[in-house]
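So the structure is just underneath, and the comments pick up after that.
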Amino acid sequence: MITLKVQRFDWDLELSFMYKAVVSDLNVTEIMIPWVYQAGLPIINVTIEAPYIRATQQRFMKDPDADVRQPISPYGYKWHVPLTYVTQSGTSSLIWINGTDSVLLPDPTDGADWIKFNYNQYMYYRVNYSDELFRRLIEQINNNYTVFSPLDRANLLDDAFNIARAGQVPYEGVLNMTSYMRIEVDWEPWHAAQAGLTYLSDMLYTSADYSLFRAYVQDLTGYRMDKLKVQDGGTHMENVFAVAPNLRRVVYSFGMQAIGGDEEFAIMWDRYTKATSTQEADNILYGLTWTDKLWLIQKLLDYSTDETKIRSQDFFTLMDYIGQNKIANGYLWDWVRANYDYIVNRFGLDNRDLGRMVPKIVSGYNTQFQLEEVQSFYERYPDAGTGEQARVDSLDSIQNNIKWLARSEEQIIDWLEKY
Numbered sequence: 075m076i077t078l079k080v081q082r083f084d085w086d087l088e089l090s091f092m093y094k095a096v097v098s099d100l101n102v103t104e105i106m107i108p109w110v111y112q113a114g115l116p117i118i119n120v121t122i123e124a125p126y127i128r129a130t131q132q133r134f135m136k137d138p139d140a141d142v143r144q145p146i147s148p149y150g151y152k153w154h155v156p157l158t159y160v161t162q163s164g165t166s167s168l169i170w171i172n173g174t175d176s177v178l179l180p181d182p183t184d185g186a187d188w189i190k191f192n193y194n195q196y197m198y199y200r201v202n203y204s205d206e207l208f209r210r211l212i213e214q215i216n217n218n219y220t221v222f223s224p225l226d227r228a229n230l231l232d233d234a235f236n237i238a239r240a241g242q243v244p245y246e247g248v249l250n251m252t253s254y255m256r257i258e259v260d261w262e263p264w265h266a267a268q269a270g271l272t273y274l275s276d277m278l279y280t281s282a283d284y285s286l287f288r289a290y291v292q293d294l295t296g297y298r299m300d301k302l303k304v305q306d307g308g309t310h311m312e313n314v315f316a317v318a319p320n321l322r323r324v325v326y327s328f329g330m331q332a333i334g335g336d337e338e339f340a341i342m343w344d345r346y347t348k349a350t351s352t353q354e355a356d357n358i359l360y361g362l363t364w365t366d367k368l369w370l371i372q373k374l375l376d377y378s379t380d381e382t383k384i385r386s387q388d389f390f391t392l393m394d395y396i397g398q399n400k401i402a403n404g405y406l407w408d409w410v411r412a413n414y415d416y417i418v419n420r421f422g423l424d425n426r427d428l429g430r431m432v433p434k435i436v437s438g439y440n441t442q443f444q445l446e447e448v449q450s451f452y453e454r455y456p457d458a459g460t461g462e463q464a465r466v467d468s469l470d471s472i473q474n475n476i477k478w479l480a481r482s483e484e485q486i487i488d489w490l491e492k493y
């Protein structure tokens, strides 16, 4: 057996392959090598070729314009893929794509039933279904989602959002699939949907039609939120600090968004200075950054230059948290550019957090104007220190976001208008 890097991904992958290879009497080393030494992961395109179903593998790329052949791989970006599936009749099975382009299997769906691949999300690959096969899955999940396990529902949503984001399929399918989530109760599907919806929210935030997206998300979440029972009593600030510790981060941030003015800021800041728990202090700091009052954001930025208020080890954490606030992000970007020399002199270019700071702030930008602003900043400060690759990645991210908007915004708005 080959020796793997000591990483959770590799260990999980090896255990999974060991089990499936033993069951299938295959060579684990031969199977593992392409997974360990090739970049990325495969996507399995599933199509109907009656009376068969064909499963074809290719390298999955987030950027539809990227060259799937680069960097060159001696394995040609082919993997040994254990293709598990479950059908509407309850049949489950495993077949292997043994380093080839594709495999044919007899169609177990009777020409009308659904079939779901990567059963219970056992493996690291994505599945892209033909329009007809995906339509059957959408119909089933909206009619009775409980026939799929929470892991399978999460897998369907995660694959669909990521494949649509990569421009390989329209967004209509995954958005139709989300309709059932009004009554979804399990964590795994919501976690998968949150990731996909958050990207849509980030990209559409400055769209004139963003209110349509907000209404759609509120409709999806409203039923479940109404089921959450909260016992009212005391003042709103007393209620906030009575919240269970594992929920405080969320409550602090949403509280500051909703009502965070000078009084609330002062109370939260006092709690921050007196916090005896590092986790509680971090939760409060995160909450403070979610105010929509820019003068309070400026106050935090002023505090960041005073080590008696914000410790040096918390400086970049504060920058990261403010950058996540869509209302404050642009203000922070202006402040960082105006104070970059001070930040470099204080922390030094060999500081890894400094190298990642600006890329984190700007990676969500999605206009040509913003791209040119970032490029201009990088040209003005060509010495990236430890952040050279982070800068490259941030420019790639912005360019991909621009292409995503051109490709996807109109189709999503069209769907939302009909929702």
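Each residue of the sequence shown is one higher than the one before, counting from 75 in our numbering.
A virtual CB, placed ideally from N, CA and C, is assigned to each residue, including glycine.
Remember, it's a predicted structure, so these values are computed and weren't measured experimentally.
- Ala464 sits buried, since 16 or more C-beta atoms from the chains shown fall within 10 Å of its C-beta.
- Measuring C-alpha to C-alpha distances from Asn357 to each of Gly334, Val324, Gly335 and Lys373 identifies Val324 as the nearest.
- If one requires a minimum length of 4 residues, the alpha helix (DSSP H) runs lying completely within the stretch 318–359 are 322–333 and 336–348, in chain order.
- Apart from sequence neighbours up to five positions away, the residues of its chain that approach Asn202 with a beta-carbon distance below 8 Å are Ile117, Ile118, Asn119, Val120, Asp233, Ile237, Gln242 and Val243, ordered along the chain.
- Taking C-beta separations shorter than 6 Å and ignoring five residues to either side along the sequence, the partners of Val448 in its chain run Val436, following chain order.
- The continuous alpha helix (DSSP H) containing Tyr377 extends over residues Leu368 to Ser378.
- When Cβ pairs closer than 8 Å are counted between the two stretches, the stretch 252–265 is seen to touch the stretch 283–299, the count reaching three or more.
- Under the three-state reduction of DSSP, Gln292 is assigned to helix.
- Between Tyr199 and Val248 the beta-carbon gap is near 18 Å, outside 8 Å, which marks them as no contact.
- Annotated as proximal: Gly429 and Thr460, with beta-carbon spacing under 9 Å.
- Counting C-beta pairs closer than 8 Å gives three or more between the stretch 350–366 and the stretch 394–406, which meets the contact rule.
- Look at Ser437 here: in three-state DSSP terms it is coil, with no helix or strand label.
- Taking C-beta atoms as the reference points, Leu271 and Phe222 fail to come closer than 9 Å.
- Taking a cut-off of 8 Å for Cβ pairs, the stretch 160–173 and the stretch 135–146 do not touch, as fewer than three such pairs fall below it.
- With a contact defined as Cβ atoms closer than 8 Å, Tyr245 and Ile486 qualify at about 5 Å.
- Restricting attention to beta strand (DSSP E) runs no shorter than 3 residues, the stretch 179–246 encloses them at 189–191 and 200–203, ordered along the chain.
- Sequence-distant partners of Asn474 (beyond 5 residues in either direction) whose C-beta falls short of 6 Å from its own C-beta, in its chain, are Asp137.
- Ser327 is classed as buried because its beta carbon has at least 16 other beta carbons within 10 Å across all chains shown.
- Taking C-beta atoms as the reference points, Ser163 and Tyr111 fail to come closer than 9 Å.
- Under the three-state reduction of DSSP output, Ile472 falls in the helix class.
- In summary, Glu484 is exposed, with fewer than 16 beta-carbon neighbours lying within 10 Å of its beta-carbon over all protein chains present.
- DSSP places Ala267 in the helix class (H, G or I) of the three-state scheme.
- Counting the other Cβ atoms within 10 Å of the Cβ of Asn419 gives fewer than 16, which makes it exposed.
- DSSP, read as helix, strand or coil, puts Ala458 in coil.
- For Val410, the closest alpha carbon among the candidates Asp376, Lys348, Arg209 and Ser471 is that of Asp376.
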